[in-house]
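Below is one structure, written out as C-alpha cells; the observations come after it.
In my numbering, the protein residues as written are 61 to 563.
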C-alpha cells in the first residue's frame, strides 16, 4: 500500500477512506480501492471508486475494465450505470454512453448530473428535442425550491406562459437566483428572443462564472443569433475544461461551418461520427461539411451511410439531388418512392423526398412526373412556411417611403468610412452569387458566404417581431446619430472579420 494510504480496520472504514481520497488524491484512491478488491474481489463500491479514479486520471479504458463488469453484475444500481456512461463517453463510445445514461436515469430519475450528461450526448447527435427534455430534467432535479420545481415542470411540458408567470415575480424577489435566471433565458431562447436570452445568460455567468450549463446555453443562443465569433469564444472556454464534451464539439463544428472554417469542422465531424456511427443525422451533417469543401465523393459516401441507417430521411435524399454531378439510379428512385408512400413520415421528410423525386424525374427527362413531385413538395412546404407575401410587400413599401433622397442627403458622410465591404443587392436566381464569384477572382477581392449579420442587426434594431406585431426597422434609423451609425458600421466590420481569411 502507498505511503499515503492509512491503515484500515474494517471494510467500511477502508471504503470511506477511499471515498475521501477521491476528492484529493486520485492515484491514492485508485490504489486504496485496488487493495480492497484484493481482499474482497468484486466489492461493488470499491469497484465503482476504482472506475471513477481511473477515469479522472485519464485512463478511460482502465475505468471501463472496472465499470462494465460492475454494471453487468448490478443491473439495478443507477450509480454504476451513470459512471459507466461517463467513462464510455470519455472513451469515445458515444452511443453506448447514451444507453448507459438512459439506464441510469430510468433507474433513478433524480440524478441531475446524469440528465446533464445525457443532454450533452443527445445534443451532439442532433437530437435537439431530446437534449432540451434532458436539460429540463437536470434543472428539475438540481433544485430543491418548490417554486422552481413547478417552473421546471412547466418548461418540461413546454408550457412557457406558466413557467414565465412563475419565474418573473420570483426574480423580482430574488434577482440573483441563478437557476431561475437560466430558466427564464430558456423561455426567451425557445421564443427566438435571442437578445433577451443572451442578456439573461450573461447575467447568470456574472453571478456564477463556473455555471457550465448556462455557458453552453449562451453559446447556442449566440450561434442561433448569428454571433458566431462570440459563440466560438464561449465553446472554446468550455472545451478548455472538458475537451471531449460531445455537445461542445458538435456545436463548434456547426459554428466553424458558419465562419467558413469548413476544413476544421470536417475534422471535428470525422471524430464525432466515429463515436456515434449509428446516428444518421450526424452522417448527414458530415456530408454537408464535406460537400462544402468540394470533397463530393466522400460527401456522397456519408449521405449513403445516413440513408443506410434511416432511408426515410428526406433531407439526405434532397442533399444528394442538390449535388450538381449526382444522378439517382433506378434503385434510388424506387427506394424514394417506397419511403414517400409511408404514412408515418415527418412533414420535413415528406417534402424533401418530393423535391428529390422531382429532381430524379427531371434528370430522366420525365418532366410531367417531375413537375407533379415539385408541386406536391411545394404544397407541403408552404403548409408550414412562415413566409407571408403581404408582410414582405408591406416592408418593401415602408422602405421605399422611408429611404428617400432627402434621408440620405441629410446623413451624407455619416457611417463608417472603411471601404472594405462590397454589397451585392439582388433577387433570388438573379445571378448575385455568380457576380460574387467573378469579383472574388480578382486578387484584391475576397468572397464570403451569404452572411446574415445585417439581417440580425436590423432585427435587433427593430425590436420584437411576430405575426401579431411589426418591426420598428427601418424607421428606428431616423433617430440614430452620426456616431451611432458609424458604430453600427464598425460593428459590422468587426463581427464579419472572422469570415476573412486573407488581407
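Every residue, glycine too, gets a C-beta built ideally from N, C-alpha and C. Note that the coordinates shown come from a computational prediction; the quantities given were computed from them, not determined experimentally.
Query: Going along the chain, which residues of its own chain have a beta-carbon closer than 7 Å to the beta-carbon of residue 180, five neighbours each way excluded?; Result: 305, 306 and 307
Query: For residue 402, which residues in the same chain have their Cβ closer than 7 Å to its Cβ, ignoring the five residues on either side in sequence?; Result: 372
Query: Please report the distance separating the alpha-carbon of residue 94 from that of residue 149.; Result: 23 Å
Query: Would you mind reading off the limits of the alpha helix (DSSP H) that contains residue 257?; Result: 254–267
Query: From residue 267 to residue 292, what distance separates their C-alpha atoms?; Result: 21 Å
Query: Does residue 329 come out as helix, strand or coil in the three-state DSSP assignment?; Result: helix
Query: Within 10 angstroms of the Cβ of residue 447, are there 16 or more other Cβ atoms? Answer buried if so, exposed if not.; Result: exposed
Query: In its own chain, which residues sit with a C-beta less than 6 Å from the C-beta of residue 393, not counting the 5 before and 5 after it?; Result: 420
Query: Expressed to the nearest angstrom, what Euclidean distance is found between the alpha-carbon atoms of residue 64 and residue 77?; Result: With a pLDDT of 43 at residue 64, under the threshold of 50, the modelled position of that residue is not reliable, and the figure given next carries that caveat. If you take the alpha carbons of residue 64 and residue 77, they lie about 11 Å apart.
Query: Which runs of the alpha helix (DSSP H) spanning at least 4 residues fall entirely within the region 478–544, listed in chain order?; Result: 492–500 and 513–522
Query: CA-CA distance, residue 117 and residue 168?; Result: 27 Å
Query: How close, in whole Å, do the beta carbons of residue 240 and residue 261 come, if the pair is a contact with beta carbons under 8 Å?; Result: About 13 Å separates the two Cβ atoms, so there is no contact after all.
Query: Tell me the residue span of the alpha helix (DSSP H) that contains residue 241.; Result: 238–250
Query: When the Cα atoms are used, what is the spatial distance from residue 249 to residue 282?; Result: 10 Å
Query: CB residue 313 to CB residue 336, shorter than 8 Å?; Result: no
Query: From this set, 302, 341, 300 and 352, which residue's C-alpha is nearest residue 316's C-alpha?; Result: 352
Query: Quick check: the Cα distance between residue 289 and residue 510, rounded to an integer number of angstroms?; Result: 16 Å
Query: Return the chain-ordered list of same chain residues with a C-beta closer than 7 Å to the C-beta of residue 386, the five sequence neighbours on each side being excluded.; Result: 360 and 380
Query: For the alpha helix (DSSP H) holding residue 308, just list the boundary residues, first then last.; Result: 306–318
Query: Check each candidate in 70, 413, 363 and 531 and name the one with the smallest Cα separation from residue 456.; Result: 531
Query: Please check the pair residue 310 and residue 183, which I expect to be a contact at CB under 8 Å, by giving their CB distance rounded to whole angstroms.; Result: 6 Å
Query: Do you know whose CA, among 443, 414, 444 and 445, lies nearest residue 430's CA?; Result: 414
Query: If distances are taken between C-alpha atoms only, which option among 354, 344, 375 and 378 comes closest to residue 362?; Result: 344
Query: By a C-beta neighbour count over all protein chains shown, 10 Å radius and 16 as the cutoff for buried, is residue 374 buried or exposed?; Result: buried
Query: Is any heavy atom in the ligand ATP found nearer than 7 Å to the beta carbon of residue 535?; Result: Only the bare structure without any ligand can be found here, which leaves the ligand ATP out of the picture.
Query: For the 8 Å Cβ check, are there 3 or more pairs between the region 111–129 and the region 85–93?; Result: yes
Query: Measure from the alpha carbon of residue 82 to the alpha carbon of each residue in 72, 73, 102 and 109, then state which is nearest.; Result: 109
Query: What are the start and end residues of the alpha helix (DSSP H) that includes residue 458?; Result: 449–462
Query: Between residue 324 and the rest of its own chain, which residues show a CB-CB distance below 7 Å, the 5 nearest in sequence each way excluded?; Result: 316
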